[in-house]
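The structure appears right after this line, and notes come after that.
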Amino acid sequence: MEFVERSRELDILRELYSGSATGRGRVALISGPGATGKTELLRTFADHVDAAGGLVLSAACSRAERLLPAAVMGQLFNSVPLPAETLRRVGAFIDLGVATLEEAPDIRAVRGMCAELLGIARERPLVLLVDDVEFADETTLQTLLYLQRRLTAAQILVVLTESPQPQPFNPEFRAELTRHACFCNIQLSPLSEAGVAELLGGWTDPDTAAALAPAYHRISGGNPLLLHGLGQDRRAAGAADGTEVIVGDQFRQAVLACLRRWDPAILEMAHGLALLGDLATPALLGRLLDNKPARVQWVLDALTTSGLLDAGRFRHPAARAAVLHDLAPDALSEMHARAAELLHAEGASASAIGGHLLAAGGLAEPWAITVLQESATHALAEDRVDDAVESLKLAHEMCDDAPRRAALTATLADCQWRVNPAAVSQHLQSQRDALRAGHLSERHAAALLRYQLWHGHREDAQETLRHLREARQQLDATTAAELEGCAEWLRLHFPVAFAEPADLPAAGPDAPASPSRVPGSLGSATPSLTAVLTGGVTDEVIARAEQVLGSYLLVDVGLEAALCALQTLVYADRMDRAVHWCDVLGAEAGARGATTWHAILSDVRSHIALRQGDLPLSERFAREALDAMSPHNWGVAIGSPLSNLLLAKIGMDKLDEAEALLKHVIPDAMRDTWFWPLYLRARGHLHLAGGRAHAALADFETCGQLATQWGMDLPTLLPWRGDLAQVYLRSGRADTARGLVTEQLSRPGAENARTRGLSLRLLGSALDVKQRVNTLRQAANLLQEAGDRYQLFLALAALSSAHYGRGEFNTSRVVARSAMQLAKDIQAQALCRRLLPGGDAAGGDEVDAPPEHEEISRLSDAEQRVATLAALGHTNREIGKKLYITVSTVEQHLTRVYRKLNVRRRTELSLGLPMDATGAGLLAVAPSGAERSWPQWESAAVQAS
Numbered sequence: 013m014e015f016v017e018r019s020r021e022l023d024i025l026r027e028l029y030s031g032s033a034t035g036r037g038r039v040a041l042i043s044g045p046g047a048t049g050k051t052e053l054l055r056t057f058a059d060h061v062d063a064a065g066g067l068v069l070s071a072a073c074s075r076a077e078r079l080l081p082a083a084v085m086g087q088l089f090n091s092v093p094l095p096a097e098t099l100r101r102v103g104a105f106i107d108l109g110v111a112t113l114e115e116a117p118d119i120r121a122v123r124g125m126c127a128e129l130l131g132i133a134r135e136r137p138l139v140l141l142v143d144d145v146e147f148a149d150e151t152t153l154q155t156l157l158y159l160q161r162r163l164t165a166a167q168i169l170v171v172l173t174e175s176p177q178p179q180p181f182n183p184e185f186r187a188e189l190t191r192h193a194c195f196c197n198i199q200l201s202p203l204s205e206a207g208v209a210e211l212l213g214g215w216t217d218p219d220t221a222a223a224l225a226p227a228y229h230r231i232s233g234g235n236p237l238l239l240h241g242l243g244q245d246r247r248a249a250g251a252a253d254g255t256e257v258i259v260g261d262q263f264r265q266a267v268l269a270c271l272r273r274w275d276p277a278i279l280e281m282a283h284g285l286a287l288l289g290d291l292a293t294p295a296l297l298g299r300l301l302d303n304k305p306a307r308v309q310w311v312l313d314a315l316t317t318s319g320l321l322d323a324g325r326f327r328h329p330a331a332r333a334a335v336l337h338d339l340a341p342d343a344l345s346e347m348h349a350r351a352a353e354l355l356h357a358e359g360a361s362a363s364a365i366g367g368h369l370l371a372a373g374g375l376a377e378p379w380a381i382t383v384l385q386e387s388a389t390h391a392l393a394e395d396r397v398d399d400a401v402e403s404l405k406l407a408h409e410m411c412d413d414a415p416r417r418a419a420l421t422a423t424l425a426d427c428q429w430r431v432n433p434a435a436v437s438q439h440l441q442s443q444r445d446a447l448r449a450g451h452l453s454e455r456h457a458a459a460l461l462r463y464q465l466w467h468g469h470r471e472d473a474q475e476t477l478r479h480l481r482e483a484r485q486q487l488d489a490t491t492a493a494e495l496e497g498c499a500e501w502l503r504l505h506f507p508v509a510f511a512e513p514a515d516l517p518a519a520g521p522d523a524p525a526s527p528s529r530v531p532g533s534l535g536s537a538t539p540s541l542t543a544v545l546t547g548g549v550t551d552e553v554i555a556r557a558e559q560v561l562g563s564y565l566l567v568d569v570g571l572e573a574a575l576c577a578l579q580t581l582v583y584a585d586r587m588d589r590a591v592h593w594c595d596v597l598g599a600e601a602g603a604r605g606a607t608t609w610h611a612i613l614s615d616v617r618s619h620i621a622l623r624q625g626d627l628p629l630s631e632r633f634a635r636e637a638l639d640a641m642s643p644h645n646w647g648v649a650i651g652s653p654l655s656n657l658l659l660a661k662i663g664m665d666k667l668d669e670a671e672a673l674l675k676h677v678i679p680d681a682m683r684d685t686w687f688w689p690l691y692l693r694a695r696g697h698l699h700l701a702g703g704r705a706h707a708a709l710a711d712f713e714t715c716g717q718l719a720t721q722w723g724m725d726l727p728t729l730l731p732w733r734g735d736l737a738q739v740y741l742r743s744g745r746a747d748t749a750r751g752l753v754t755e756q757l758s759r760p761g762a763e764n765a766r767t768r769g770l771s772l773r774l775l776g777s778a779l780d781v782k783q784r785v786n787t788l789r790q791a792a793n794l795l796q797e798a799g800d801r802y803q804l805f806l807a808l809a810a811l812s813s814a815h816y817g818r819g820e821f822n823t824s825r826v827v828a829r830s831a832m833q834l835a836k837d838i839q840a841q842a843l844c845r846r847l848l849p850g851g852d853a854a855g856g857d858e859v860d861a862p863p864e865h866e867e868i869s870r871l872s873d874a875e876q877r878v879a880t881l882a883a884l885g886h887t888n889r890e891i892g893k894k895l896y897i898t899v900s901t902v903e904q905h906l907t908r909v910y911r912k913l914n915v916r917r918r919t920e921l922s923l924g925l926p927m928d929a930t931g932a933g934l935l936a937v938a939p940s941g942a943e944r945s946w947p948q949w950e951s952a953a954v955q956a957s
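Under my numbering, the first residue of the sequence shown is numbered 13, with each subsequent residue one higher.
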């Protein structure tokens, strides 16, 4: 170990040696905490004496040899080669000095060994080095005292080291030693921060050493042994040039080595201190270890002096962990049990006591279960779900009361649901039995209903639902409101289980408030969702949904309420607000470690991205949702992220990857949930993309049958008629497709911009090629308004084909370029090449590298509008009417446009005028008078048929 910051002490020893060499013998006692460099100081001094021509006899005392008579004296005489005759005489003295602790050493042996030492010192200066003298045997101690009294004219220096002990073995020896004039005491302390920097300088460059010194000093307290352990960890980690402190196994071993150098009572005290942690006080430690507070305080002071503690606490968690790990498991468990009893008697918090109860495996005390319950509540409030689960498990094991066990199980299931829904399945049978026995509250019964539905236990869920209906008259308003909201939201996703008409519990006749006004209720969100799905989007509906999301924390508002409010925003096409609240709730879920919430919100975010037409983002969030939880954890709800991921991959033409997703095992119980038609619809589109029209037709027809059967035939939720129309269009049955789309447009909620837009896109594709343009343009406008870039891309591709079919090739090319830019943004280039007319003529490699025109940035808004209309073939007079400007103004705008774009005639505008990524310039053009709007077409179609 490096010799640092001990120069003053070494100088004192050198001076003492110089004096003893002139016949003035001295005794020096080096005192200091364990592992502070006393032994290293002796070695360095021994080298100095050897170099000066003196003789060094050295010995190291040990607790194990304290009862061996003259053991240390034997070490001294045998530490260097001495004449055989001298060793023979010393051996005889040692044999003569055999004694026990109850008997005084034989004075003849003491006198004889001193005589030998004095005789050696007559020839040359003699230095005796005895390390850890507190463990020396009685014969040695008496010999040293006998020698001290005869040092006046001897060339002898005796250097002893000691570490403080709570109960000194030989207090009389120290008292006698220190009273003589020839005695000198040297105190050693841990290294200062500057000393630590000097020590680190031997491991790394000076700048790094200076930067690391504060952290190393803070962790080690300047204790050289601990610093040496940190250095070994640093070298083992290969961090020779790093600025990070590595705390590893060597440091932990050094902590234990430091403690074991002292009395076992100090190690025991360290065990208690590590176990109690921040709650440790001298009084509490004394009761835990059956020691007096004064003795405890002495030990704490000694450990602080050694650098192990700071303000009565371990300086680093690794040190505390090493000391705890040193205890045998049974001893550790017993100490935790004792600590729990003491802390309960002291009135400590449930959280403080609960940890000890867990470590002890419980206690047969009436208060232990209550403490564990309270500890779980505190842990849950701090989002330490694993700790809460362990506390509740132990409380459940210790509890013999059936109603209380049922409540404990319900609370445990609620905790596990946050992070591991699959773990809840193990409690379903016991909770069902508790419900039948009347041991489960209605609030817990509502949670049980959720778990049963999630894991596909439909019949048990219906039984739970009947129980809730029967108990509705006894419910208070708050519970009734929560159950009402829960049932309303679950009915949407589990229609088979909620098939009976009177399945909602309601508040009793004396309920003071309506459910929709109770905080945390779902009653305020569910009607908003119903209104949106049936076409009643109002500012009030949106405000109510946002109020639910903004008024409560994640755990307060509940799973169903938040999802219901989010879906209200999604189906109302308020995507920006839905994204905002998803991000807010997602951040909270992440901060609180709510894995289930994180997965579900990722799924919602994927659905939002899908409705926005952002296929890569939808794919990312759907994959994130599936990675966050295993399929078993997803239960029947796995159909939602799977369907989102399927649709995203289909849109990006990743058909092989989509096919692989069909290998997921789908729970049979999912067929009775809304997740089944969602999955069937996505699978149907995969069949359609793969050319399997009959399989697609079967899936889409099943979707329609289920939606109709469950009373959920709403195109905003499931536009199954439009899906069927696509199959019939592929099969050349345009009339059937038109009929389906026309019926879809008549359903409740079809006025929604996105729903109407994608319906009109399909309707336009079912028309005669010469009649398509206006309907497809309306579809594109609506989809642009809704913000669905994928559906807008499909509409623009169809519009480009319509213009191409009418021989309007320049206009077709302008529209195709907008479609291609959209396809690039959403990674649908492969699909783009198949849909656009003319193959490479439609754009070719422009999908990957659309042209850029610096000149366009110089066009004013008015010039861009005029140029766009002119590019689409409108006359100057038509442009003037549409933009409410004079023909002269149109001509002036066009003149400037020709100059800025470097074109000479109108026909070149379609090639030189870039379109923005959303096709806004094109879609701003109103239909010409020769083209009828969709309502007019519908009437004409009816007459024609």
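For every residue, glycine included, the Cβ atom is placed at its ideal position computed from N, Cα and C.
Could you check whether E52 and P176 sit closer than 9 Å to each other, using their CB atoms as the reference points? no
* To do: Note the first and the last residue of the continuous beta strand (DSSP E) segment covering C196.
  => F195 to Q199
- May I have the straight-line CA-CA distance separating H192 from V170, to the nearest angstrom? Approximately 13 Å between the Cα atoms of the pair.
Measuring CA to CA, which of D338, C427 and L736 is closest to A393? If we check each option's Cα against that of A393, C427 comes out closest.
Is R186 closer than 9 Å to Y158 when the C-beta atoms are compared? no
Helix, strand or coil for R136, going by three-state DSSP, please let me know. coil
Exercise. Quick one, which of A883, T748 and V145 has its alpha-carbon nearest V84's?
Worked result: V145
(request) In the DSSP assignment, find the unbroken beta strand (DSSP E) run with R38 in it and report its ends. (result) R38 to S43
- Query: With C-beta atoms as the reference, is S618 less than 9 Å away from E631?
  - Reply: yes
(Q) Looking at the strands, I want to know which residues DSSP matches up with F326. (A) Listed as beta-bridge partners of F326 by DSSP are L321.
- Distance, Cα to Cα, L461 vs A249? 53 Å
In this structure, what does DSSP give as the bridge partners for E409? Partner residues in a beta bridge of E409, as assigned by DSSP, do not exist.
**Asked** Would the beta-carbon of D149 fall within 9 Å of that of L80?
**Response** yes
> In the structure shown, what three-state DSSP assignment does V16 receive?
Replying inline: V16 falls in the coil class under three-state DSSP.
* To do: Return the residue from the list F712, G703, R38 and A449 that minimises the CA-CA distance to W688.
  => For the options F712, G703, R38 and A449, the alpha carbon positioned closest to that of W688 is the one of F712.
Do L843 and D668 come within 9 Å of each other at the CB atom, strictly closer than that value?
No, they are not a contact pair.
- With respect to the alpha helix (DSSP H) encompassing E97, which residues constitute its N-terminal and C-terminal limits? A96 to L108
Between which two residues does the beta strand (DSSP E) harbouring E174 extend?
I168 to E174
Leaving aside the five residues before and after A391 along the sequence, list all residues of the same chain whose C-beta is less than 6 Å from its C-beta, in chain order. D399 and A400
Where R750 falls, given that 16 or more other Cβ within 10 Å makes a residue buried: buried
Given this structure, state the Cα-to-Cα distance separating R801 from D626, to the nearest angstrom.
The alpha-carbon atoms of R801 and D626 are separated by roughly 7 Å.
Express the C-alpha separation of S614 and E572 in angstroms, rounding to a whole number. 15 Å
- Using DSSP with H/G/I as helix, E/B as strand and the rest coil, what is L22? helix
Practice task
Tell me where the beta strand (DSSP E) around V648 begins and ends.
Solution key: Per DSSP, V648 belongs to no beta strand (DSSP E) and is neither H nor E.
V648 burial status per 10 Å Cβ neighbour count (16 or more: buried):
buried
ask   = What are the boundary residues of the beta strand (DSSP E) that includes L69?
value = L67 to A72
**Study point:** Alpha-carbon spacing of V785 relative to Q438, whole angstroms
**Key:** The alpha-carbon atoms of V785 and Q438 are separated by roughly 59 Å.
Pull up the distance between the alpha-carbon of Q796 and that of T255, whole angstroms please. 54 Å
Helix, strand or coil at V549 [DSSP, three-state]
Coil.
**Item:** Reference F263, options G243, R272, L271 and A277, closest by Cα
**Value:** G243
**Study point:** D684 - DSSP class collapsed to helix/strand/coil
**Key:** The answer is helix: DSSP assigns D684 an H, G or I state.
message = Given 8 Å as the limit, tell me if L291 has its C-beta closer than that to any heavy atom belonging to the ligand GTP.
response = Looking at this structure, you won't find the ligand GTP or any other ligand, since it has none at all.
Handout entry: Which listed residue (V431, L561, R503 and H706) has its alpha carbon closest to that of R604
Key = Of the candidates V431, L561, R503 and H706, V431 places its Cα closest to the Cα of R604.
- Are the region 500-512 and the region 715-724 in contact at 8 Å, needing three or more beta carbon pairs? yes
Exercise. Give me the Cα-Cα distance between S557 and L718, rounded to the nearest whole angstrom.
Key: Contrary to the premise, residue 557 reads as Ala rather than Ser in this sequence. Their backbone Cα atoms lie some 28 Å apart in a straight line.
Original post:
Three or more C-beta pairs closer than 8 Å, one from the region 346-353 and one from the region 308-327: is that the case here?
Top reply: no
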